[in-house]
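S.K.:
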Amino acid sequence: MAPKVLVSDKLSETAVQIFRDRGIDVDFQPDLGKDKDRLAEVIGDYDGLAIRSATKVTEKILANATNLKVIARAGIGTDNIDKVAASKKGVIVMNTPFGNMITTAEHAIAMMFAVARQIPEASASTHAGKWEKSRFMGVELTGKTLGVIGAGNIGGIVCDRARGLKMKVVAYDPFLGQEKADKMGVEKVELEELLKRADFITLHVPLTDQTRNILSRENLEKTKKGVRIINCARGGLVDEHALADLLKSGHVAGAGFDVFAEEPAVDNPLFGLPNVVCTPHLGAATTEAQENVALQVAEQMSDYLLTGAVTNALNMPSVTAEEAKIMGPWIKLSDHLGNFIGQMTDEPIKAINILYDGVASEMNLEALTCAAVAGIMKSVNPEVNMVSAPVVAKERGVKISTTKQDKSGAFEGYVKITVVTDKRERSIGGTVFSDGKPRFIQIKGINIDAEIGRHMVYTTNEDVPGIIGTLGQTMGEHGVNIANFTLGRSDAGGEAIALLYVDVPVPDAAIAALHETGKFQQIRPLQFDVG
Numbered sequence: 004m005a006p007k008v009l010v011s012d013k014l015s016e017t018a019v020q021i022f023r024d025r026g027i028d029v030d031f032q033p034d035l036g037k038d039k040d041r042l043a044e045v046i047g048d049y050d051g052l053a054i055r056s057a058t059k060v061t062e063k064i065l066a067n068a069t070n071l072k073v074i075a076r077a078g079i080g081t082d083n084i085d086k087v088a089a090s091k092k093g094v095i096v097m098n099t100p101f102g103n104m105i106t107t108a109e110h111a112i113a114m115m116f117a118v119a120r121q122i123p124e125a126s127a128s129t130h131a132g133k134w135e136k137s138r139f140m141g142v143e144l145t146g147k148t149l150g151v152i153g154a155g156n157i158g159g160i161v162c163d164r165a166r167g168l169k170m171k172v173v174a175y176d177p178f179l180g181q182e183k184a185d186k187m188g189v190e191k192v193e194l195e196e197l198l199k200r201a202d203f204i205t206l207h208v209p210l211t212d213q214t215r216n217i218l219s220r221e222n223l224e225k226t227k228k229g230v231r232i233i234n235c236a237r238g239g240l241v242d243e244h245a246l247a248d249l250l251k252s253g254h255v256a257g258a259g260f261d262v263f264a265e266e267p268a269v270d271n272p273l274f275g276l277p278n279v280v281c282t283p284h285l286g287a288a289t290t291e292a293q294e295n296v297a298l299q300v301a302e303q304m305s306d307y308l309l310t311g312a313v314t315n316a317l318n319m320p321s322v323t324a325e326e327a328k329i330m331g332p333w334i335k336l337s338d339h340l341g342n343f344i345g346q347m348t349d350e351p352i353k354a355i356n357i358l359y360d361g362v363a364s365e366m367n368l369e370a371l372t373c374a375a376v377a378g379i380m381k382s383v384n385p386e387v388n389m390v391s392a393p394v395v396a397k398e399r400g401v402k403i404s405t406t407k408q409d410k411s412g413a414f415e416g417y418v419k420i421t422v423v424t425d426k427r428e429r430s431i432g433g434t435v436f437s438d439g440k441p442r443f444i445q446i447k448g449i450n451i452d453a454e455i456g457r458h459m460v461y462t463t464n465e466d467v468p469g470i471i472g473t474l475g476q477t478m479g480e481h482g483v484n485i486a487n488f489t490l491g492r493s494d495a496g497g498e499a500i501a502l503l504y505v506d507v508p509v510p511d512a513a514i515a516a517l518h519e520t521g522k523f524q525q526i527r528p529l530q531f532d533v534g
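The opening residue of the sequence shown carries number 4 in our numbering; numbering runs sequentially from there.
1. The beta strand (DSSP E) that contains residue 500, what's its start and end?
2. For a test of the three-state rule: what should DSSP assign to residue 25, helix, strand or coil?
3. The beta strand (DSSP E) with residue 555 in it runs from where to where?
4. Measure the alpha-carbon distance for residue 79 versus residue 104 and round it to whole angstroms.
5. With distances taken Cα to Cα, identify the nearest neighbour of residue 88 among 108, 488, 106 and 62.
6. Per DSSP, residue 246 is paired with what?
7. Can you check whether the CB of residue 308 is closer than 8 Å to the CB of residue 86?
8. What residue ranges within the region 334-421 form continuous alpha helix (DSSP H) runs of no fewer than 4 residues, ordered along the chain?
9. What would DSSP say about residue 20, mapped onto helix, strand or coil?
10. Entirely within the region 462-486 and at least 4 residues each: give me those alpha helix (DSSP H) ranges in chain order.
11. I'd like to know if the region 464-473 and the region 421-440 are in contact, where contact means that at least 3 CB-CB pairs between them fall below 8 Å.
12. Going along the chain, which residues of its own chain have a beta-carbon closer than 7 Å to the beta-carbon of residue 18, five neighbours each way excluded?
13. Taking the alpha-carbon of residue 234 as reference, which of 523, 111 and 528 has the nearest alpha-carbon?
14. Within 10 angstroms of its Cβ, does residue 303 collect 16 or more other Cβ (buried), or is it exposed?
15. Do residue 45 and residue 27 count as a contact pair if the criterion is CB distance below 8 Å?
16. So which of 33, 37 and 5 has the shortest CA-CA distance to residue 48?
17. Check each candidate in 478, 526 and 489 and name the one with the smallest Cα separation from residue 507.
18. Run through the DSSP bridge pairs and tell me what residue 130 is partnered with.
19. Taking C-beta to C-beta, are residue 98 and residue 58 nearer than 8 Å?
20. I need the boundaries of the beta strand (DSSP E) containing residue 183, first residue and last residue.
21. Residue 528 by DSSP, collapsed to three states: which one?
22. My output table needs one value for residue 448: the three-state DSSP class, helix, strand or coil.
23. Which term fits residue 185, buried or exposed, when burial requires 16 or more other beta carbons within 10 angstroms of its beta carbon?
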């Protein structure tokens, strides 16, 4: 029997025809995604679900998805899919991360022009029969400094287009190396400097705990007087109320927003203000982009349902069915190792070196490497997956190297990751025990044996008495239960590390209390996806 796919959102007819041509039984119901109750009733009949943004794939929908094997989103954002529930259900979640990059970048450039020349207001005034030529005095883009926050795929295209407009481009991106910045023709700067120098600021980062309100009131007040702010990335990156106040005061000369903290945006502090251009999340809304992502979704889903090939999966590595049983725990280990280093590293990474020992060296190293790199990158970009992570790393000038060797120690095999920055090298090693559970076995050259939990705390200190008591007492005073506790040291009285596996996220107050003791060189709360 042919696999059966439901298309519950508007997808191009060409994409639907691809399913048919590949022998897929496709059911095209572009308005069904808006009816969640009806979708829950019928989803059990399908092997695949192709969606855009209107369909919300909730835990309830997935509970009824008895035959569903794959969900594919035509576009990059998958906020409308419960990925945790999908993973537990064994359903692969795919997206199309590269189909709308140019379109979104062009929209940001268009917004810059619209704000610089007050085009929407001038158009409305002229349509109303007015001729207010002196009212709409604009500024040129040529010669101005553009500050780009996030120089990845889309931000990189914006940098290229802006340079073509003879703008001076400064970029802030924790993963942008100097070599890559030089090749792009941009000046790599810290955020503080960008805020002070930029005439225009455009954002191209995902919404994470690190980037939420990256343009806070405090940071907006540090900007150059007369700056213009563009956001075509994600709502929540800018404090919209603070921006509205600074627009009213005249400190900010204009803004162009395609995305908002709450969408659909029917009421927003930016609405109605002069020289604020707003569009309803149109970044990917071009004929070409919609066609590209739709065609990609149809091909990816067909490949998986017919041959088992996995492409652009967010919750599954690109491995064959035969490899999956053996490699699953090692892929999870590689992800955890990368995620540890990603959360520990604040400066741009120049190189990632991965050593595979023993049984690990005999596996699909490409998949393991992709998992490791994705773990590193997703600390700042949670939408990175195993397919896109190496591409993102390459575009940012990060050099990736792998080495494999025969069994060399007590373990049947292990993986060791070392990252290189301008300031330091940082390494971590891990293995998979016979119970199939990943473990950390070495950090900074210090041997340990650490179980990996969802919430953890890493500390470094001089090897002196009282550290265990301080950690335990401080956690207890702040209501944090320690599930497991691992210590390691280079030698007696030398450098020591501790890794705490705790039941809940550690509050900032607990971290501050540990710092106040003066006993620790480094304290870092960590989170891992152990589902």
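In this text, a Cβ means the ideal position worked out from N, Cα and C, and glycines have one as well.
M.R.: If we stick to the structure as given:
1. 498-505
2. coil
3. The requested residue 555 is not part of the displayed model; the chain covers only 4 to 534.
4. 9 Å
5. 62
6. Answer is none; residue 246 lacks a bridge partner.
7. no
8. 368-380 and 391-398
9. helix
10. 470-480
11. no
12. 297, 298, 300 and 301
13. 111
14. buried
15. no
16. 5
17. 478
18. Residue 130 pairs with nothing; no bridge assigned.
19. no
20. First-last for residue 183: 181-187, but that is the alpha helix (DSSP H), not the beta strand (DSSP E).
21. strand
22. coil
23. exposed
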